[in-house]
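Notes for the one structure printed next.
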Amino acid sequence: MRLTAELIAKRPQFINPLMERELDLRGQRIPAIENLSATQDQFDAIDLSNNDVQKLESVTVLRRLKMLLFANNKLSRVADGVGASFPALQYLVLTNNDFAKLSDLDPLASLASLRALALTDNAVTKLAGYRSYVLHLLPALRSLDFQKVKPQEVKAAVEQFGSVVTNGRGPSKPPAERADGAGAKRPRSGAPAAAADAAADSAPPAPKAAKAAERALLPPELVAAAREALASADSLEEVQRLETALKARNADALRAALRARAGAPAGADGGADGGS
39 MRLTAELIAK RPQFINPLME RELDLRGQRI PAIENLSATQ DQFDAIDLSN NDVQKLESVT
99 VLRRLKMLLF ANNKLSRVAD GVGASFPALQ YLVLTNNDFA KLSDLDPLAS LASLRALALT
159 DNAVTKLAGY RSYVLHLLPA LRSLDFQKVK PQEVKAAVEQ FGSVVTNGRG PSKPPAERAD
219 GAGAKRPRSG APAAAADAAA DSAPPAPKAA KAAERALLPP ELVAAAREAL ASADSLEEVQ
279 RLETALKARN ADALRAALRA RAGAPAGADG GADGGS
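When you read off a place in the sequence shown, starting at 1, and then add 38, the result is the number in the numbering used here.
Written out as structure tokens, the structure reads:
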């Protein structure tokens, strides 16, 4: 089914547990992203899970959009310039798609505002150097595959692969040798500066700002994991438990709900337990 203005108009629109305006386009067998101008840039989140989309792209600029959910599609490509279409995007869920090569991910570097990315259940995640490669593309990430990103990971990634300078369309100069080819390093000009910038971005905020952020925000890896859990919840009770924790901005309750869903003991550490 094509993504038409008519389909967009008739699909559910609501305020989600994070108090964001969300558009539900799940499970419509949509093959391509088009006609997003019909949303009039009125949404913070768009859920396109369980469709047949093959390429992440948009000719429409959505300045308000902060979250895109593409779990269970057929994505294998990302358009150059995707960052220009989604300049405020912070959360991107691409789980269970068809990304197979590290170079397939290069255009994601243009998503300058991205803070949480999920690529689990893609073949690319099995490649040597995958996590470091993604972090050198996106050194400002705070969560990758529902795992908290540590400053030392970013530093090591930049040292291994070098810094990426983008021109709004992804890396301006692709690596001569990629990790999905020979696993070789490329020249590291500018790496120390990039590593320092990444570390500064990850540094803890000033005490007052930290307390305010703790009250208002949840760790990105928790939010991404909760989004994925809500999308595949099996019962109303599970949905209510997750939504209650999200609405209350209660990180401990949210971790407990995620552990319960995974069948882990209440005190166990989970992948999204990286702390706030």
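C-beta: ideal position from N, C-alpha, C; glycine also.
On a predicted model such as this, the values are computed, not experimentally measured, just so you know.
Limits of the alpha helix (DSSP H) - the one that residue i falls within
i: residue 68; result: Segment: none, residue 68 is in no alpha helix (DSSP H) and carries neither H nor E.
i: residue 78; result: Note, residue 78: premise wrong, no alpha helix (DSSP H); not H, not E.
i: residue 290; result: 289 to 300
i: residue 122; result: 120 to 123
Outcome for residue i when other beta-carbon atoms lying within 10 angstroms are tallied against a minimum of 16
i: residue 53; result: exposed
i: residue 18; result: Given that the chain is displayed from residue 39 to residue 314, the structure contains no residue 18 and the question cannot be resolved.
i: residue 200; result: buried
i: residue 50; result: exposed
i: residue 296; result: buried
i: residue 273; result: exposed
i: residue 267; result: buried
i: residue 283; result: buried
i: residue 289; result: buried
i: residue 44; result: exposed
i: residue 104; result: buried
i: residue 275; result: exposed
i: residue 77; result: buried
i: residue 65; result: exposed
i: residue 60; result: buried
i: residue 133; result: buried
i: residue 279; result: buried
i: residue 80; result: exposed
i: residue 101; result: exposed
i: residue 299; result: buried
i: residue 97; result: exposed
i: residue 190; result: exposed
i: residue 99; result: exposed
i: residue 4; result: With the chain covering 39 to 314 only, the question about residue 4 has no answer from this structure.
Residue i, enclosing beta strand (DSSP E) - first and last residue
i: residue 131; result: 129 to 131
i: residue 59; result: 59 to 62
i: residue 199; result: It is not in any beta strand (DSSP E) - residue 199 instead sits in the alpha helix (DSSP H) that spans 189 to 199.
i: residue 51; result: 51 to 53
DSSP-derived helix/strand/coil call for residue i
i: residue 115; result: strand
i: residue 256; result: coil
i: residue 271; result: coil
i: residue 56; result: coil
i: residue 41; result: coil
i: residue 186; result: strand
i: residue 333; result: Absent from the model: residue 333. The displayed extent of the chain is 39 to 314, so no value can be given.
i: residue 164; result: helix
i: residue 48; result: helix
i: residue 284; result: helix
i: residue 202; result: coil
i: residue 140; result: helix
i: residue 101; result: coil
i: residue 248; result: For residue 248, the pLDDT reaches just 40, beneath the cut-off of 50, and the residue's location in the model is therefore unreliable, leaving the point undetermined.
In DSSP terms, what residue i is bridged to
i: residue 154; result: 129, 181
i: residue 106; result: 84, 130
i: residue 146; result: According to DSSP, residue 146 bridges with nothing at all.
i: residue 93; result: 115
Any C-beta of chain C under 8 Å from that of residue i
i: residue 94; result: The structure shown contains no chain C, having only a single protein chain.
> Just checking, does the region 169 to 182 make contact with the region 190 to 200 on the three C-beta pairs under 8 Å criterion?
Replying inline: yes
> Between the region 178 to 185 and the region 142 to 158, are three or more C-beta pairs nearer than 8 Å?
Replying inline: yes
> On the three-pair Cβ rule with 8 Å, is the region 104 to 111 touching the region 137 to 147?
Replying inline: no
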